[in-house]
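**Q** In terms of UniProt numbering, the sequence shown is residues 1 to 117.
For every residue, glycine included, the Cβ atom is placed at its ideal position computed from N, Cα and C.
Quick one: the structure is below, and I'll ask about it shortly.
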Amino acid sequence: MKSLSNQATDLELSEEEEDYEKHSLMGITENYSPTFISSGNPCLDFFFHVVPDTSPGDLIRRLELAWAHNSLTALKLICNLRGVRGTGKSDKEGFYTASFWLHHYHPKTLAGNVKDS
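Structure follows, in structure tokens:
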């Protein structure tokens, strides 16, 4: 049985709840094969699911989840979107969408990480 610890209390999940949690991350592919929709880690999901054809709305939704989970990793993932020549995804549009989100919600973080020319 899986145990989640909290500072105030310990929470035990029943086997049914564990099964639900496990299956809620499952889906099916176009070929009707079982697959995981989510890894359970928003940063990892951002890395694998944000590709050049990802809609801006989906990118922002995944970015918000990743940022709430681990802001430093999310910032690195934003930079990885723009990386070219084998250092990232070469996704200019995705990078600009994420950068505008960062400018709107965390302008000091953006300003502190822009390289001076």
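Does the separation of the CB atoms of S55 and I78 fall below 8 Å?
**A** Indexing the sequence shown from 1 puts residue 55 at position 55. Indexing the sequence shown from 1 puts residue 78 at position 78. No, the Cβ-Cβ distance between S55 and I78 is not below 8 Å.
**Q** Given S38, which residues of its chain have a CB within under 7 Å of its CB, disregarding the five upstream and five downstream residues?
**A** Here residue 38 is taken as the residue at index 38 of the sequence shown, counted from 1. Excluding positions up to five away in sequence, the list reads L25 and D45.
**Q** Would you report the Cα separation of H69 and Y32, rounded to the nearest angstrom?
**A** Walking along the sequence shown from the start, residue 69 turns up at place 69. Walking along the sequence shown from the start, residue 32 turns up at place 32. Their Cα atoms are separated by approximately 31 Å.
**Q** Going straight from the alpha carbon of H106 to that of F95, what length do you get?
**A** Walking along the sequence shown from the start, residue 106 turns up at place 106. Walking along the sequence shown from the start, residue 95 turns up at place 95. Between H106 and F95, the C-alpha separation is close to 15 Å.
**Q** For the alpha helix (DSSP H) containing T109, name the first residue and the last one.
**A** To locate residue 109, count along the sequence shown from 1; it is residue 109. Looking at the DSSP string, the run of the alpha helix (DSSP H) that includes T109 is P107 to G112.
**Q** To which residues does DSSP link F36 through a beta bridge?
**A** Here residue 36 refers to the residue found at position 36 when the sequence shown is read from its first residue. F36 is bridged to M26.
**Q** Whole-angstrom Cβ separation of N41 and L75, contact assumed at under 8 Å?
**A** Walking along the sequence shown from the start, residue 41 turns up at place 41. Walking along the sequence shown from the start, residue 75 turns up at place 75. So it is not a contact: roughly 16 Å between Cβ atoms.
**Q** Check the C-beta distance from T109 over to I60 and give it rounded, since I have them as a contact under 8 Å.
**A** Looking up residue 109 in the sequence shown gives position 109. Looking up residue 60 in the sequence shown gives position 60. In this structure T109 does not touch I60 by the C-beta definition: roughly 16 Å separates them, more than the 8 Å allowed.
**Q** Let's test the definition: count the other Cβ atoms within 10 Å of the Cβ of V84 and tell me whether it reaches 16, buried, or not, exposed.
**A** Within the sequence shown, residue 84 is the residue found at index 84, counting from 1. Residue burial is scored here from C-beta neighbours: V84 has fewer than 16 other C-beta atoms within 10 angstroms and is therefore classed as exposed.
**Q** When the Cα atoms are used, what is the spatial distance from D116 to W101?
**A** For the purposes of this step, residue 116 is taken as the residue at position 116 of the sequence shown. For the purposes of this step, residue 101 is taken as the residue at position 101 of the sequence shown. Near 21 Å, if we compare the C-alpha coordinates of W101 and D116.
**Q** In the DSSP assignment, find the unbroken alpha helix (DSSP H) run with N31 in it and report its ends.
**A** Against the sequence shown, residue 31 aligns to sequence position 31. First-last for N31: undefined, no H or E at that position.
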